[in-house]
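Take a look at the structure set out below.
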Amino acid sequence: MLTALPLSAAIELNSIAATVNGKAITSKEVAFHLAPTIGLLRAKYPRQGDQFRKALKEARDKVLERLIDNKLVLSKLEELDAKLPEQVIIEEENRIIREVFNGSEKEFRKNLEQSGMNRRQFRESQKEKILVQAFRQQQFKDVAPATQSEITARYRERRQDLRDRSKDRITFRKIYIPASDPENPAATPETQLALSEQLASQVRSGADFAETVIANSAGAFASEGGLWEDTERLDLEVGFADIVFDTPEGEIVGPLKDRRGFTIVKVLKKNYGPSPPLDKQM
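Below, the structure written as structure tokens:
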């Protein structure tokens, strides 16, 4: 038996987003899994208009659908009395901190706090996820093994996703406009955002990016055209890194919003971290 509640109900503290065979999916669970995406969307869409709301709804729907699917599998696993060693859950938690939060325990805890989830609840969520994955793998145990060419093709498709992201490096130029301007008392976050949008439009229309940086940016290396050369991913904020590494070389992204102001970035070159050998992954 499955019932899903209206989207508006899912934002209330401790509310139930859906029930599956009598098992509740809470708003906290949805919020935790959605939190990294919300951070990215808020950065990409500072005005949080129609594009933001559409992307947020799509992301929330996907999270809820995945959690519902997992609960259905867990109902079956309960019948089988499936167990999982605690160490496996801890190792998965460490992997998430390393790969999703660039190894930052502080960012991980911050994400938990923002979603209203404690560590015990997080580990329970990861336990469910691992059990579901194991169950699905078991379902395919009698399927004919893939050929070497199929394995190689699949590895090539996933190679970049499997890489060591902590070794990623990037070169980019950046325009930074602070949310407030000490030299201009009339400046507000709204006027600074409007200025950022104007500058982004200019460089996208062909204005020289480096010259625009020198004339307008309040960020580091402004006198050098805002050039951040061969910068390690770990030296960048998590959300910012996710966005710029997803941006193709030569393209401009922004203005991106953070707690201090607005940033426009032109990605020049990306060097991805190493991927594991084929025999360790497939």
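Following this note's numbering, the residues of the sequence shown are numbered contiguously, the last one being 550. Beta carbons are placed, not taken as given, at the ideal position from N, Cα and C, and that holds for glycine.
message = Using the Cβ count rule (16 or more neighbours within 10 Å means buried), how would you classify T420?
response = Counting the other CB atoms within 10 Å of its CB gives T420 a total below 16, which places it among the exposed residues.
query = Using 8 Å as the Cβ pair cut-off and three pairs as the minimum, do the segment 362 to 382 and the segment 502 to 509 touch?
reply = As far as the Cβ criterion goes, the segment 362 to 382 touches the segment 502 to 509, which means the pair count is three or higher.
inquiry  = I'd like to confirm something about E451: is its beta-carbon nearer than 7 Å to some heavy atom of the ligand GTP, or not?
reply    = Although the ligand GTP was asked about, the structure shown includes no ligands whatsoever.
task = Enumerate, from N- to C-terminal direction, the unbroken alpha helix (DSSP H) stretches of 4 or more residues contained entirely within the segment 453 to 528.
result = The DSSP assignment places 457 to 472, 477 to 484, 506 to 514 as complete runs of the alpha helix (DSSP H) inside the segment 453 to 528, in order along the chain (cut-off: 4 residues).
inquiry  = Taking 8 Å as the threshold (C-beta atoms), are L302 and R334 in contact?
reply    = Not closer than 8 Å, so no.
ask   = What is the rounded straight-line gap between the Cα of S464 and the Cα of P523?
value = Cα to Cα, S464 sits roughly 6 Å from P523.
query = How many angstroms separate the CA atom of A488 from the CA atom of I358?
reply = About 39 Å.
message = I'd like to confirm the pairing. Which residues does DSSP put opposite E539 in its beta bridges?
response = One point to set straight first is that residue 539 is Asn, not Glu, in the sequence displayed. According to DSSP, N539 shares a beta bridge with R437.
inquiry  = Taking the beta carbon of G518 as the centre, do at least 16 other beta carbons fall within 10 Å, making it buried, or is it exposed?
reply    = By the neighbour-count rule (16 or more Cβ atoms within 10 Å), G518 is not buried but exposed.
request  = Under the assumption that I293 contacts I336 (Cβ atoms under 8 Å), give the Cβ distance between them as a whole number of angstroms.
outcome  = I293 to I336, Cβ: 7 Å. Contact.
ask   = Expressed to the nearest angstrom, what Euclidean distance is found between the alpha-carbon atoms of D318 and R426?
value = Straight-line measurement puts the Cα of R426 at about 32 Å from the Cα of D318.
query = If L495 and T480 are in contact, beta carbons under 8 Å, what's the gap, nearest whole angstrom?
reply = Actually they do not touch by this definition, with Cβ atoms about 13 Å apart.
task = Could you tell me whether the Cβ of G541 comes closer than 8 Å to any Cβ of chain B?
result = No chain B appears in the structure shown, which is made up of a single protein chain.
task = Evaluate R527 with the Cβ neighbour count: other Cβ atoms within 10 Å of its Cβ, from every protein chain shown; 16 or more gives buried, anything less gives exposed.
result = By the C-beta density criterion, R527 is exposed, having fewer than 16 other C-beta atoms within 10 angstroms.
key: Span separating the alpha-carbon of V535 from that of L340   = Note on geometry: alpha-carbon atoms of V535 and L340 lie some 43 Å from one another.
inquiry  = Whole angstroms are fine: how far does the CA of K435 sit from the CA of P542?
reply    = CA-CA distance, P542 to K435, rounds to 7 Å.
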